[in-house]
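**Student:** Numbering-wise, the sequence shown is residues 1 to 124 according to our numbering. Handing you this structure, nothing more for now.
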Amino acid sequence: MASIQIRSIEVYGHHGVFEQERQQGQFFKIDLKLKLREMPKRDELSETVDYAEVIEEVRILSEKKSYNLLECFAQAIGKQLLEKFDRLEMVDVRVRKRLRGAGADLDWVAVRVEVLREKDMRRE
1 MASIQIRSIE VYGHHGVFEQ ERQQGQFFKI DLKLKLREMP KRDELSETVD YAEVIEEVRI
61 LSEKKSYNLL ECFAQAIGKQ LLEKFDRLEM VDVRVRKRLR GAGADLDWVA VRVEVLREKD
121 MRRE
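Below you can see the structure in the form of structure tokens.
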């Protein structure tokens with residue numbers, strides 16, 4: 001089984017529990033591991049997933065809706081990618097953000113969510 005890794009996709013969004021995060025917005029870094037349902041049979045882009053399309057889907061989702069929890073944001077990314085790209089079996093999503101204030105000054109915090117294709121999502 002093949003997998004594709006895309007690291008440090010930078011997106012802007014209004015995600016977080018704190019009012020300041022939701023009003024001002026901030027940048028997030030997204031890391032993805034995409035597990036393909038099967039190996040490509042031919043050496044053609046149509047046999048796999050286009051990285052540029054994946055990145056654009058993540059950016060659109062981040063701008064379209066706000067999430068309180070990074071866990072929910074990560075899960076939404078995974079579900080969206082599985083719905084959009086039939087060739088994917090699993091999406092492992094890590095969302096990172098800087099944490100400033102609230103008694104902390106950290107480089108980043110992160111959540112990681114693994115989203116599997118459900119049987120009713122399969123188009124066989």
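Glycine residues also receive a C-beta, built at the ideal position from the N, C-alpha and C atoms.
1) Does the Cβ-Cβ distance between residue 46 and residue 13 come in under 8 Å?
2) DSSP state of residue 85, grouped into three classes?
3) Looking at residue 81 and residue 88, is the spacing between their C-beta atoms short of 8 Å?
4) Between residue 108 and residue 3, what straight-line distance do the alpha-carbon atoms span, to the nearest angstrom?
5) Under 8 Å, do residue 110 and residue 95 count as touching if we go by C-beta distance?
6) Tell me, please, which residues DSSP counts as bridged to residue 32.
7) Which residues in the same chain as residue 117 place their Cβ atom closer than 6 Å to its Cβ, once the five residues preceding and following it in sequence are excluded?
8) Exposed or buried, residue 97, counting other C-beta atoms within 10 Å across all chains shown (16 or more means buried)?
**Tutor:** Looking at the coordinates:
1) It is not a contact, given that the beta carbons lie outside the stated cut-off.
2) Three-state result, residue 85: coil.
3) Against a cut-off of 8 Å, the Cβ pair of residue 81 and residue 88 comes out as a contact.
4) Spanning the two alpha carbons is a distance of roughly 26 Å.
5) In this structure, residue 110 lies near residue 95, with their beta-carbon atoms less than 8 Å apart.
6) Per DSSP, 6 and 93.
7) Apart from the 5 residues on each side of it in sequence, residue 117 sits with its Cβ closer than 6 Å to the Cβ of 82 and 89 in its chain, given in chain order.
8) So residue 97 ends up on the buried side.
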